[in-house]
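Below: the structure, in structure tokens.
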Amino acid sequence: MSSTPVTLCFLLRDCAAGPQVLLGLKKTGFGVGKIVGLGGHVEPGESDAQAACREVYEEAGVTVLEEDLRDAGLIEFVFPARPEWNMSTRIFTTRHWAGDPVESSEIVPEWFLASALPLDRMWQDAEHWLPAAVDGGVVEAVITLNEDNETVASAEYSSRGV
């Protein structure tokens, strides 16, 4: 199974109501109309960490340094009906960055309470791994989508605390 290497990076901050995570409304491309994490393809010659930092800057205008990333796991997404969509996704979180998130041509960034993630507006798979990842866990998963390329057929995963 050939998979495209991609990254997702979740900015985390504390506020009076509790921990928050930066997500964004996808305006174009894969996942348009959904609330997603910041991220995208790993370019040739880039490490996963370099790609995550680049994508966060491109999508939300904030600067993240590689040394400030926490590896939160790896998810293999399998699309049997569209194998060209298969993705090997490295997940990162960070609590350190420079700048304030701003809208880009791809993403409208928005902060959400970690205790109230908008799972009903996200890819269905997010419920299997996102809460653990933003809570400091490390997620290793293989998530297979149904023929509709939207709903989860199976999720084989483990998440462990840090």
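Plus 2 on top of the position in the sequence shown (first one is 1) and you've got this note's numbering. No residue lacks a Cβ here, since even glycine has one placed at the ideal position from N, Cα and C.
Would you kindly check if the distance between the Cβ of residue j and the Cβ of residue i is under 7 Å?
{"i": "M124", "j": "V8", "result": "no"}
{"i": "L10", "j": "T95", "result": "no"}
For residue i, count neighbouring Cβ atoms within 10 angstroms of its own Cβ and tell me buried if that reaches 16, exposed if not.
{"i": "A55", "result": "According to the sequence shown, residue 55 is Cys rather than Ala. Buried: at least 16 other Cβ atoms inside 10 Å."}
{"i": "A135", "result": "buried"}
{"i": "D122", "result": "exposed"}
{"i": "V58", "result": "buried"}
{"i": "F79", "result": "buried"}
{"i": "L67", "result": "exposed"}
{"i": "E158", "result": "exposed"}
Please report how far the alpha carbon of residue i lies from the alpha carbon of residue j, in whole angstroms.
{"i": "E86", "j": "A116", "result": "32 Å"}
{"i": "S4", "j": "A83", "result": "14 Å"}
{"i": "K36", "j": "R15", "result": "22 Å"}
{"i": "V34", "j": "A18", "result": "31 Å"}
{"i": "V154", "j": "I77", "result": "13 Å"}
Quick one: residues in its chain with C-beta nearer than 7 Å to the C-beta of residue i, no 5 flanking neighbours on either side, listed in chain order?
{"i": "G163", "result": "Low confidence applies here, because G163 scores a pLDDT of 48, under 50, leaving its location unreliable; read the following figure in that light. Once the five neighbours on either side are set aside, the close Cβ partners of G163 are G138 and G139."}
{"i": "P103", "result": "L24, A62, G63, V64 and P111"}
{"i": "E129", "result": "L121"}
Would you say the beta carbon of residue i is closer than 6 Å to some non-hydrogen atom of the ligand COA?
{"i": "G42", "result": "Absence of the ligand COA is noted for the structure shown, with no ligands found whatsoever."}
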